Amino acid sequence: TIAIANWNHELLLARAVASALAGIHALAELAIPGEVLVIDDHSRDGSVTLLRQLEALYYGDGLRVLLHEQRNGITVTRNHALRQATYRYIVYLDADNELSPAALPVLFRSIIDTKAAAAFGNLIAHRPDGPAMLSNESVHGRIFMDSHIDMCALWDRLQLADKGGFEEGLTVPEDLELVLHLVTAGCRLVFVPVVFGYHYHYASSWHNTVAVENPDYLQHLARVFDQLDLRRQVHANSQYLRYHPDLGYL
527 TIAIANWNHE LLLARAVASA LAGIHALAEL AIPGEVLVID DHSRDGSVTL
577 LRQLEALYYG DGLRVLLHEQ RNGITVTRNH ALRQATYRYI VYLDADNELS
627 PAALPVLFRS IIDTKAAAAF GNLIAHRPDG PAMLSNESVH GRIFMDSHID
677 MCALWDRLQL ADKGGFEEGL TVPEDLELVL HLVTAGCRLV FVPVVFGYHY
727 HYASSWHNTV AVENPDYLQH LARVFDQLDL RRQVHANSQY LRYHPDLGYL
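First residue of the sequence shown: 527, per my numbering; consecutive thereafter.
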């Protein structure tokens with residue numbers, strides 16, 4: 527299941543949905559079933575009209591749309607996707623993401639082989655000052671200072687649900703909180719060296735608003751997950767895990 531949470535991103539949706547459908551098609555060529563699930567969190571722009579049109583056109587290709595009757599926030603929306611997804615493995619794709627379809631089968635094979643909670647790859651960020659690599663390394667101690675794992679990855683729904691999913695009520699950085707929760711719980715997060723997708727940075731991207739909306743939240747995360755400032759010295763199950771299905775562990 528490729529899950530897209532949307533809130534007032536009408537002008538970005540078409541690109542994200544098209545790349546997700548292409549990813550499902552890439553899986554179908556290998557006889558692996560899939561779907562695209564878009565959950566709209568009570569948008570007030572033209573998103574709902576567009577999504578209804580897209581669902582009418584591409585329902586037969588695996589596109590489903592769910593609409594919230596009130597705004598619930600990103601963590602509730604992602605947990606809703608966790609419950610509503612048809613298949614065990616889920617990709618969280620934001621409206622400002624674009625999936626690299628050919629990489630999806632590679633990550634699928636990787637997460638099956640390694641039994642990881644997540645398989646994540648390279649992400650290329652398109653920024654006003656030029657492109658940059660957003661994700662380009664396996665898990666190591668620096669993750670407790672600054673996450674390099676984006677939600678645009680392949681996740682095992684069973685393991686996420688077992689660990690309680692997203693902490694509801696958070697806005698940003700909810701993905702960092704989840705990653706730290708999984709790492710400290712002993713889950714395996716595996717880096718796969720392929721370009722999995724693209725992230726288009728805009729003024730409203732969480733990368734640009736986290737410090738404004740949650741000035742003390744990184745300190746809160748340190749209190750929850752690394753209050754003694756020792757985590758960088760502890761070897762986690764995810765430490766330096768790199769895998770490619772054609773090569774094995776790297």
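Quick reminder that beta carbons are idealized off the backbone N, C-alpha and C, glycines included. Predicted model, so just to flag it, every value in this text is computed and none were measured.
Span of the beta strand (DSSP E) around residue i
i: residue 779; result: The structure shown does not extend to residue 779, since the chain is modelled only from 527 through 776, so no value can be given for it.
i: residue 661; result: 656-661
i: residue 724; result: 715-726
i: residue 590; result: 589-593
i: residue 682; result: 680-682
Residues near residue i by beta carbon distance below 6 Å, same chain, minus five either side
i: residue 613; result: 527
i: residue 605; result: 691 and 692
i: residue 734; result: For residue 734, the predicted structure reports a pLDDT of 43, less than 50, and the residue's modelled location is therefore unreliable. The matter cannot be settled from this model.
i: residue 677; result: 618 and 701
i: residue 587; result: 547
i: residue 530; result: 542, 564 and 619
Which of helix, strand or coil DSSP assigns to residue i
i: residue 570; result: coil
i: residue 624; result: strand
i: residue 583; result: helix
i: residue 733; result: With a pLDDT of only 45 at residue 733, under 50, the local geometry of the prediction cannot be trusted, and no value is derived from it.
i: residue 766; result: coil
i: residue 743; result: helix
i: residue 776; result: coil
i: residue 563; result: strand
i: residue 576; result: helix
i: residue 619; result: strand
i: residue 738; result: With a pLDDT of 44 at residue 738, under the threshold of 50, the modelled position of that residue is not reliable, and the figure given next carries that caveat. Helix, per DSSP.
i: residue 748; result: helix
i: residue 754; result: coil
i: residue 676; result: coil
i: residue 696; result: coil
i: residue 685; result: helix
i: residue 691; result: coil
Residue i, buried or exposed, once every other Cβ within 10 Å from all chains shown has been counted against 16
i: residue 776; result: exposed
i: residue 583; result: exposed
i: residue 703; result: buried
i: residue 746; result: exposed
i: residue 591; result: buried
i: residue 774; result: exposed
i: residue 656; result: exposed
i: residue 621; result: buried
i: residue 754; result: exposed
i: residue 560; result: buried
Supposed close pair residue i, residue j - CB separation, criterion 8 Å
i: residue 778; j: residue 680; result: Beyond the ends of the chain as shown, which are 527 and 776, falls residue 778; an answer cannot be given.
i: residue 719; j: residue 768; result: 7 Å
i: residue 535; j: residue 567; result: Going by Cβ atoms, the distance from residue 535 to residue 567 rounds to 10 Å, so no, they are not a contact pair.
i: residue 696; j: residue 644; result: Contact doesn't hold; Cβ gap of about 18 Å is too wide.
i: residue 608; j: residue 616; result: 7 Å
i: residue 694; j: residue 602; result: 5 Å
i: residue 766; j: residue 674; result: The pair is not a contact, with the Cβ atoms about 13 Å apart (cut-off 8 Å).
i: residue 576; j: residue 589; result: Contact doesn't hold; Cβ gap of about 12 Å is too wide.
Opening and closing residue of the alpha helix (DSSP H) in which residue i lies
i: residue 605; result: 600-610
i: residue 530; result: Careful: residue 530 lies outside any alpha helix (DSSP H), inside the beta strand (DSSP E) at 528-532.
i: residue 707; result: 700-710
i: residue 649; result: Looking at the DSSP string, residue 649 is not in any alpha helix (DSSP H); the run it does join, the beta strand (DSSP E), is 644-653.
i: residue 631; result: 630-640
i: residue 551; result: 536-554
Nonlocal neighbours in the same chain, by C-beta distance under 8 Å from residue i, ignoring five residues either side
i: residue 552; result: 627, 628, 630 and 631
i: residue 721; result: 626, 629, 647, 648, 649 and 650
i: residue 597; result: 533, 567 and 568
i: residue 713; result: 642, 643, 644, 685, 689, 763 and 764
i: residue 658; result: 650 and 651
i: residue 540; result: 576 and 580
Residues near residue i in its chain [Cβ-Cβ closer than 7 Å; skip 5 each side]
i: residue 556; result: 631
i: residue 640; result: 714, 716 and 769
i: residue 687; result: 608
Beta carbon proximity, residue i to chain B, threshold 8 Å
i: residue 654; result: The structure shown contains no chain B, having only a single protein chain.
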